[in-house]
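Quick notes on the structure that follows.
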Amino acid sequence: MHSSPIITVRALVKQFGRFAALRGVTAEFAAGGLYAILGDNGAGKTTLLRALAGLVQPTRGSILILGTTNLRAVCHELGYMAHPSLLYDEMSGMENLSYFARLYGITEDRSCAAAMTAVDLDPGLTRPVVQYSQGMRQRLSLARALLNDPEILLLDEPFSNVDAPSAAAMVSLLAQMRAAGKTIFVVTHQASLLERTADEFVWMDAGQITSRTASWGRCEST
Amino acid sequence: MKRQAEGDECRHENSMKRAFPIFAVLTAVLLSYALYEALVAAPTEQTMGNVQRIFYYHVPSAWTAFLLFFINFVCSIQYLVRRDKVADSIANWVAIVLGVAACAAAVVIRPLPSGVEPSSVATTGLAITGLYFLVKRYFSGSRTDALALVTAEVGVVFCTVVLVTGPLWARPVWGIWWTWDVRLTSTLVLWLIYISYLMLRRFSASGQTPVLAAALAIFGALDVPLVYFSIWIFRTQHPQPVIGGGGSIDPRMLHVLLINWLAFLCFAALICWSRYRLEVLQREVEEIHAMKGLQDPRSSG
Amino acid sequence: MSKPPGAVAGVIQATLAKDLRLEWRSKDAINSMLFFSLLVVVVFSFSFDPNAEESRQIAGGLVWVAFLFAAVVALGQTWARELRNQVLDAYRVSPAPANSLFLAKALGNFIFVAILELLMTPLFIMFYKLRALGPAWQLIPIAALGTWAIVVNGTFFAAMSLRTRSREIMLPLLLFPVCIPALLAMVNATTAILTGELSAKFWIVLLTTYDVVFTIACLLLFELVLHAE
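Right, here's the structure in full:
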């Protein structure tokens with residue numbers, strides 16, 4: 087982890103009416119790291135991730151990604167995975183991926199097949215996504231986030247409802263991506279899965295970052 | 287420095303507060319005078335008799351409603367372009383060009399189409415430009431949206447008056463309740479559009495309301511001229527426009543009409559002012575709640 | 007950051023192809039819409055006795071009101087699939103321009119509503135014994151322009167109503183007032199052709215103006231509506 091930070095967040099505030107989801111988040115994240123974002127429900131983790139993805143406009147404060155505050159300009163370097171699958175239930179895996187690839191200007195199916203194989207799914211599957219198991223759906227959603235080979239991955243609860251072996255496979259995939267130089271942000275409730283892989287654990291509570299630790303052990307409890 | 291700015295604000299607030307009741311009294315006086323003029327002093331019309339007096343309510347309400355909706359349109363545009371500097375300067379230039387072009391047209395184009403006076407063309411153009419920059423100067427940021435809401439609400443009220451007085455006038459005079467003529471129908475469509483605008487504001491989630499409402503206002507503004515032209519070809523049954531040439535109007539009647547228009551404008555300004563103050567105060571209260579939520583997360587939600 | 011035009015057309019084509027393919031596969035919406043159209047024609051025919059002389063005069067209005075109702079029900083489905091798994095987020099995060107999504111959806115709706123019209127028209131002709139006394143070929147541009155007028159605004163307002171409560175009622179609430187001049191033009195043009203009494207030329211010009219003005223407005227404003235959160 088060297089040189090200038092890839093993402094800088096300054097005094098980020100996001101309010102939904104009277105409710106303040108983010109109450110002044112300031113942080114710098116260096117490139118090439120795997121950051122686990124942890125905290126209780128309502129801590130603001132999802133809102134922070136969505137703000138980084140450009141889906142949520144901050145009420146105040148600024149976000150600098152790859153040197154610019156214009157997030158639309160760098161959106162091709164971002165991969166986003168959310169709690170809903172962001173997929174069309176009625177299409178098969180390859181059909182979903184080749185459609186989303188087109189949105190990024192990718193026309194060959196090779197990258198779609200490669201993305202599916204990377205998450206351990208068979209590109210030849212013709213079943214519609216609605217018939218997938220939850221774990222398969224999560225993996226396909228991750229594949230969609232990887233389609234455009236982004237520099238920054240923003241993953242919101244990728245391991246939820248996924249069985250242990252699939253989760254472990256996803257973690258090792260993330261480790262590979264990190265080794266390839268990508269910066270990865272994972273919001274999760276299952277921090278133990280990333281115990282050995284994450285570079286840093288970012289703890290959030292009530293809309294602010296309370297601490298950043300290199301190891302998972304937490305002294306104080308909520 | 288901050289103290290002084292706050293002191294200035296306070297003094298400004300106080301002078302506005304004192305001005306309001308004075309203005310209210312003046313408006314009441316003006317309205318009473320206008321009422322007297324319309325119902326008593328104005329000469330009785332030859333063919334229609336006393337029923338014609340409703341004209342002094344029908345026409346000024348229409349003009350007031352159109353003015354208010356125009357201000358709403360200006361606010362909507364400004365709300366949408368304020369973030370984009372290029373779009374903002376384009377809008378500024380369009381406003382300036384419109385005013386200049388209207389003046390030029392008034393001078394150069396002869397003869398103008400029937401019923402249109404050069405002075406009214408020039409005045410309308412200058413009014414457009416003037417209003418655009420006045421709104422920009424005095425209502426910026428979130429106040430643009432507050433003004434948009436206020437003018438929409440009050441505009442709908444005046445528009446309703448037009449749509450009620452129209453049939454009330456038409457029935458005794460022409461024997462029909464409604465006629466699909468140009469101006470009445472355009473007013474009806476404008477009323478429908480702004481009712482849907484108010485419903486959109488009510489039903490949308492609070493963060494997005496200003497943007498969606500502004501977009502709808504622009505659609506409405508694009509629609510009304512098209513409505514006007516579509517019906518213009520189709521049918522015309524409304525009496526000739528009395529201001530700006532065309533049908534002749536007795537100068538005494540014109541005088542009463544203008545007095546009533548002035549009274550209605552003052553009345554509209556009064557209502558808008560108090561509604562605007564209310565809206566701004568409500569937003570300030572929300573902001574205070576939001577600030578509290580920001581400082582102590584457990585106090586909100 | 008602007009995409010080369012080839013890529014924009016690619017997005018439109020990919021989205022349109024996907025929508026058509028999905029519609030063809032599930033056939034939910036198509037089947038229910040076809041039946042709904044049939045019902046509408048039958049109900050109208052009962053309400054306005056097709057044997058009366060006046061029917062020919064009002065057939066233009068009847069047909070277009072029926073089309074409008076069918077179109078509104080179809081338009082309500084525009085974004086149903088995208089809502090299910092918050093797919094719109096995936097679209098917003100990608101570099102694909104918002105306008106491409108809009109055009110693809112509008113074109114898809116146009117094809118869908120056109121199919122409904124093609125099915126309802128012979129039924130109306132049959133029930134009302136319609137015969138065009140004027141230049142019948144003009145009915146094609148009228149139908150195309152009129153359908154586009156309803157569809158382009160309908161797709162835009164359907165996206166707007168996504169952000170509101172009472173989603174289903176907001177769409178007609180927003181669409182109908184704005185559609186009035188187009189409706190007037192469509193109805194009068196069709197009546198002019200059917201009765202052969204007047205020229206439909208002015209109405210066609212008005213429809214074209216309406217379509218151009220509102221297509222531009224939708225393209226300019228859709229990005230704002232899509233990204234309003």
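Residue numbers (my numbering), protein chains in the order written: chain A, 87 to 308; chain B, 287 to 587; chain C, 7 to 235.
Using N, Cα and C, we set each Cβ at its ideal position, and we do this for glycine too.
**For N91/C and S32/C, the rounded distance between their alpha carbons** = Rounded to whole angstroms, the separation of the alpha carbons of N91/C and S32/C is 17 Å.
**Rounded straight-line distance, which links the Cα of M126/C to that of G210/A** = Their backbone Cα atoms lie some 41 Å apart in a straight line.
**Request:** Output yes if chain B places a C-beta closer than 7 Å to the C-beta of A164/C; else output no.
**Result:** For A164/C, the nearest beta carbon of chain B is not closer than 7 Å to its own beta carbon.
**Message:** Just to confirm before moving on: does the CB-CB distance between V215/A and D175/A stay below 7 Å?
**Reply:** Against a cut-off of 7 Å, the Cβ pair of D175/A and V215/A comes out as a contact.
**Test item: CB-CB of V119/C and A164/C under 7 Å** = Going by C-beta atoms, V119/C is not nearer than 7 Å to A164/C.
**Prompt:** By the criterion of Cβ-Cβ separation under 7 Å, what are the contact partners of Q92/C in chain A?
**Reply:** Residues of chain A with a Cβ closer than 7 Å to the Cβ of Q92/C are, in chain order, A168, P170, L172.
**Residue-level contact to chain B via CB, A137/A, 7 Å cutoff** = Under the 7 Å criterion on CB atoms, A137/A is classed as non-interfacial with respect to chain B.
**Message:** Can you find the residues in the same chain that come closer than 7 Å, C-beta to C-beta, to W460/B, ignoring five residues on each side of it along the sequence?
**Reply:** Only residues of its own chain outside the window of five on either side were considered, and among them none has a CB closer than 7 Å to the CB of W460/B.
**Item:** Which of helix, strand or coil DSSP assigns to H524/B
**Value:** Only weak support is given to the placement of H524/B: the predicted model assigns it a pLDDT of 35, under 50, and the value that follows is read from those uncertain coordinates. DSSP places H524/B in coil when its eight states are reduced to three.
**Request:** Keeping to the same chain, check which residues put their C-beta closer than 7 Å to that of S205/C; ignore five residues upstream and five downstream.
**Result:** Around S205/C: A198.
**Asked** Grouping DSSP H, G and I as helix and E and B as strand, with all else coil, what is E309/A?
**Response** This structure cannot settle anything about residue 309/A, because the visible part of chain A is limited to 87 through 308.
**Prompt:** Do the region 209 to 219 of chain C and the region 141 to 149 of chain C meet, that is, are 3 or more Cβ pairs less than 8 Å apart?
**Reply:** The answer is yes - the region 141 to 149 of chain C touches the region 209 to 219 of chain C, with three or more Cβ pairs under 8 Å.
**Asked** Which residues does DSSP pair with Q101/A in a beta bridge?
**Response** According to DSSP, which records beta bridges pairwise, Q101/A is partnered with A106/A.
**Request:** Alpha carbon to alpha carbon, how far is K268/A from S278/A? Give it in angstroms, no decimals.
**Result:** In this structure, the CA atom of S278/A is about 21 Å from the CA atom of K268/A.
**Closest residue to A35/C among V93/C, G114/C, P128/C (Cα-Cα distance)** = Closest by alpha carbon: G114/C.
**Item:** Counted within 10 angstroms of its Cβ, other Cβ atoms place R230/A as buried (16 or more) or exposed
**Value:** In the assembly as shown, R230/A is a buried residue. Its beta-carbon has 16 or more other beta-carbons within 10 Å.
**Asked** Hey, V288/A and L280/A are a contact pair by Cβ (cut 8 Å); roughly how many whole angstroms apart?
**Response** The beta-carbon distance between V288/A and L280/A, rounded to whole angstroms, is 11 Å. This is too long to meet the 8 Å contact definition.
**Request:** State buried or exposed for D195/A, treating a residue as buried only when at least 16 other CB atoms are found within 10 Å of its CB.
**Result:** Of the other Cβ atoms in all chains shown, fewer than 16 fall within 10 Å of the Cβ of D195/A; this residue is therefore exposed.
**Asked** By a C-beta neighbour count over all protein chains shown, 10 Å radius and 16 as the cutoff for buried, is E203/C buried or exposed?
**Response** It counts as exposed.
**Prompt:** From L232/C to T84/C, what does the alpha carbon distance come to, in whole angstroms?
**Reply:** If you draw a straight line from the Cα of L232/C to the Cα of T84/C, it is about 14 Å long.
**Asked** Any beta-carbon of chain B closer than 7 Å to the one on T84/C?
**Response** Not closer than 7 Å to any Cβ of chain B, the Cβ of T84/C fails to qualify, so no.
**Prompt:** So, is D370/B buried or exposed, given that buried needs 16 or more other C-beta atoms within 10 angstroms?
**Reply:** Answer is exposed; the Cβ neighbour count stays below 16.
**Asked** Taking the alpha-carbon positions, what's the I295/A to L124/A distance?
**Response** Here the alpha carbon of I295/A sits roughly 10 Å from the alpha carbon of L124/A.
**Message:** Between L567/B and L316/B, how many whole angstroms is the CB-CB distance? I'm expecting something under 8 Å.
**Reply:** Going by Cβ atoms, the distance from L567/B to L316/B rounds to 27 Å, so no, they are not a contact pair.
**Item:** Buried versus exposed call for D431/B [16 or more other C-beta atoms within 10 Å across all chains shown]
**Value:** That one is buried.
**Item:** Interface flag, A314/B vs chain A, CB-CB below 7 Å
**Value:** Output row for A314/B: interface = no.
**Message:** Under 7 Å, Cβ to Cβ, is there at least one residue of chain A near G427/B?
**Reply:** Not one chain A Cβ lies under 7 Å of G427/B.
**Request:** Please check if any C-beta of chain B sits within less than 7 Å of the C-beta of L106/C.
**Result:** Note that residue 106/C is Ser in the sequence shown, not Leu. S106/C does not count as touching chain B.
**Request:** Go through its chain and collect everything with a Cβ distance to L180/C's Cβ below 6 Å, but skip five positions before and after it.
**Result:** The answer, listed in chain order, is F163.
**Item:** CB contact flag (L173/A, L240/A, <7 Å)
**Value:** No, the pair does not count as a contact, with Cβ atoms beyond the cut-off.
**Request:** Have a look at L551/B and Y319/B and give me their C-alpha separation to the nearest angstrom.
**Result:** Rounded to the nearest angstrom, the two C-alpha atoms are 14 Å apart.
**Prompt:** R31/C versus chain A: which residues are under 9 Å apart at the beta carbon?
**Reply:** Residues of chain A passing the Cβ test: E176, M177, P214.
**Message:** Quick check on DSSP: helix, strand or coil for F114/A?
**Reply:** With the sequence shown as reference, residue 114/A is identified as Glu, and Phe is not the correct amino acid for it. DSSP places E114/A within a strand segment (E or B) once states are collapsed to three.
**Message:** Using a Cβ-Cβ cutoff of 8 Å, what residues of the region 491 to 508 of chain B are near chain C? List them in chain order.
**Reply:** Taken in chain order, the members of the region 491 to 508 of chain B whose beta-carbon sits within less than 8 Å of a beta-carbon on chain C are A491, G493, Q494, V497, L498, A501, L502, I504, F505, G506, L508.
**Span separating the alpha-carbon of F419/B from that of L366/B** = Between F419/B and L366/B, the C-alpha separation is close to 15 Å.
**Message:** Any C-beta of chain A within less than 9 Å: which residues of the region 352 to 381 of chain B qualify?
**Reply:** From the region 352 to 381 of chain B, no residue has a Cβ closer than 9 Å to chain A.
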